[in-house]
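For any residue, its number in my numbering is found by taking its place in the sequence shown, counting from 1, and adding 320. All C-beta atoms in this analysis are idealised placements derived from N, C-alpha and C, irrespective of residue type, glycine included. Worksheet: the structure to be examined is printed underneath.
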Amino acid sequence: MRHETGSNKEQCHGDISPRVFKDQAHRAVDWIAEYLEDMDQYPVLARTRPGDIKAKIPKSPPAISEPLERIIDDFQEIILPGITHWNHPRFFAYFSITSSYPGIIGEMLCSALNVNAMLWRTSPSATELEEVATDWLRQMLGLPEQFRGVINDSASVSSLCALVAAREYTGLNIREDGLAGGSMPQLRIYTSEEAHSSIEKAAIVIGIGQRGVKKIPTDESFRMDLQVLTRTIQEDIDNGVKPICAIPTIGTTSTTSVDPVKEISELCKRHGIWLHIDAAYGGSAATLQEMRPLFAGWEMADSIVVNPHKWLFTPIDCSILYCRRSDVLKQAFSLTPEYLRTAEADKVTNLMDYGVSLGRRFRALKLWMIIRAFGTEGIANTIREHISYAKRLASMIQATPNFELLAPVPFSTLVFRFSPKSPDNSDLNALNEQLMERVNQTGQVFLSHTKLRGKFGIRLTIGNVKTTWEDVALAWHIIQEKASELSDLNRGIPK
Ligand code: PLP
């Protein structure tokens, strides 16, 4: 026992004692259980003002130890008020990601083991479970066996890794020579104007630059325009530009539109271009047979990103990069200094060879626990319910005077607006922004927004494991109530 310091008499080799750990960890688990059961007592969107939380925390760290009990008290009193409750069943903003009980247990065990799954030998279970869990999900998604999954922290990193593999696939030897080498042609990536910003960021990181990303316009359903894509690729080739990757999305961020993947995959095949599909959100819906038509052609991709931390009830973070050519991915990233060399390297998977980071968390544990605890049917049923709630709400919005849907609803996300007769669009934009803020201020619901062809659209997405139809109906009730309050207010204000 190291000498005891300060108020904590239970220190043990620099850490707290097992007894204190057990007491406080039990307390934390009790708190977690109550928190998750009793979400309604919290406003979904944090009500703090900028700086409120920081003002309550000392500027410098404590020199002597503080009792864990007091720290947990402070978590509840100081930190919790500044939390926006992503696990709330009426968190309908962005993509409403959610944790789940087996996922939380997986995270707890993961931090207890504190495994770094960089090499097979640094925890064979972590590597092999990652292979198994990602393969289970591959089967659930109906993807061919050639796809191998690697878990990253985010879709941004998964897509970045896919682009590095695509760059490697060109055979331009950029890995060794860099982009400045000799007679390097200009490189091009193709995606739609609705693609997630992570694609452009990845292009910035790998030196292709924002100008190297062609954002192809979309049609009236926000799907990539195939004719423009075909023409643009041909023009680039004619001008000596090297196309390296096309990135259609299945479930774009603003509207969840689905690009014509099958046709794009044929185009890519014709020109030898790497096809990466961003299905970070939409991918989970492929667990439903009836949704598979939306995924037609994705089996032809070279790589696909699917985020279990978006719509598969997995606590953040867990993003899977499925790669049909994992040899190319490995060729792009493998770099083994002497201190990481192992005798078994050619017989096993060393996960450090398949991405940017060396150190990696044991994320497969939670995914494995979730798939087992819910079963493939349990997962599919919940996703099916979310989609049915979204379709039901879409019909209600369509049937309500002065409201309109701004985009089709292929998954569980709706974009709509309140559209009473108004002299112009900018008035409606301001009105809908006010409406969204008023709804969010109730604390009962959290919505976000997007802009489609200049129109401000309120975005409501359903993805929380605990969301029921009653939650969705309550959100719709509040939206209508606030819209009618705003109408009354506007009527009262002389122009
Ligand atoms: N791709 C799509 C379609 C998304 O909607 C998002 C985020 O919402 C991302 C990628 C980025 O995901 P991540 O936060 O895991 O980087």
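With DSSP run on the structure shown, which of helix, strand or coil describes Thr781?
strand
Where does Met620 sit, in a helix, a strand or coil, going by DSSP?
helix
Relative to the alpha-carbon of Pro505, which residue among Gln547, Asp558, Asn749, Ser646 has its alpha-carbon at the smallest distance?
Asp558
For the alpha helix (DSSP H) that contains Asn701, what are its first and last residues?
684 to 718
Using CA coordinates, which residue listed in Ala600, Ile553, Gly602 is at the minimum distance from Leu587?
Ile553
With a threshold of 7 Å, establish whether the CB of Ser476 neighbours any heavy atom of the ligand PLP.
yes
Let me check you understand the geometry: is the CB of Gly571 closer than 7 Å to at least one non-hydrogen atom of the ligand PLP?
yes
Quick check: Met672 and Leu439, are their CB atoms within less than 8 Å of each other?
yes
Using the Cβ count rule (16 or more neighbours within 10 Å means buried), how would you classify His629?
buried
List the endpoints of the continuous alpha helix (DSSP H) containing Gly423.
421 to 433
May I ask you to check if the CB of Asp579 is nearer than 7 Å to at least one heavy atom of the ligand PLP?
no
Start and end of the alpha helix (DSSP H) containing Tyr355?
338 to 357
Option in Ile391, Met359, Ile403, Gln361 with minimal Cα separation from Pro370
Ile403
Could you check where the alpha helix (DSSP H) with Lys562 kicks off and where it finishes?
No alpha helix (DSSP H) holds Lys562; the beta strand (DSSP E) holding it covers 562 to 567.
Distance between Ser541 and Ala727 (C-alpha atoms, nearest Å)
7 Å
Less than 7 Å between C-beta atoms, sequence neighbours within five positions excluded: which residues of the same chain meet that for Phe738?
Asn722, Phe723, Leu751, Asn752, Leu755, Ala803
Would you decide whether Asp358 is buried or exposed? Buried here means 16 or more other CB atoms lie within 10 Å of its CB.
exposed
As assigned by DSSP and simplified to three states, the class of Phe653:
helix
Examine the ligand PLP and report whether any of its heavy atoms sits within less than 7 Å of the Cβ of Ala600.
yes
Ser512 to Tyr489 span [Cα, whole Å]:
22 Å
Say yes only if the C-beta of Ser623 is nearer than 7 Å to one or more non-hydrogen atoms of the ligand PLP, and no if none qualify.
no
Distance between Ser604 and Thr696 (C-alpha atoms, nearest Å):
11 Å
If distances are taken between C-alpha atoms only, which option among Ser639, Arg508, Glu514 comes closest to Ala523?
Arg508
Note down, in chain order, each residue of its chain lying with its Cβ closer than 8 Å to the Cβ of Ile526, except the 5 sequence neighbours on either side.
Leu480, Leu483, Val484, Arg487
For the region 658 to 673 against the region 393 to 407, do three or more pairs of beta-carbon atoms, one drawn from each stretch, fall closer than 8 Å, so that the two count as touching?
no
Extent of the continuous beta strand (DSSP E) to which Thr552 belongs
Premise fails: Thr552 lies in the alpha helix (DSSP H), 546 to 558, not in any beta strand (DSSP E).
Taking only three categories from DSSP, how would you classify Thr576?
coil
Starting from the C-beta of Phe467, find all residues in its chain whose C-beta is less than 8 Å away, skip the five residues before and the five after it, and write them out in chain order.
Arg458, Ile624, Tyr642, Cys643, Arg644
Is the beta carbon of Thr538 closer than 8 Å to that of Glu514?
yes
Output the boundary residues of the alpha helix (DSSP H) element that contains Trp456.
444 to 461
What residue range does the alpha helix (DSSP H) around Leu265 cover?
Past the edges of the chain, shown from 321 to 815, lies residue 265, and the structure says nothing about it.
Applying the 10 Å Cβ sphere with the 16-neighbour rule, what's the burial state of Asp372?
exposed
Report the rounded CA-to-CA distance for Arg773 versus Ala795, giving the unit in angstroms.
26 Å
Under the three-state reduction of DSSP, which class applies to Phe766: helix, strand or coil?
strand
For the ligand PLP, any of its heavy atoms closer than 7 Å to the Cβ of Asn627?
yes
Would a C-beta distance cut-off of 8 Å place Asn472 and Gly675 closer than the cut-off?
yes
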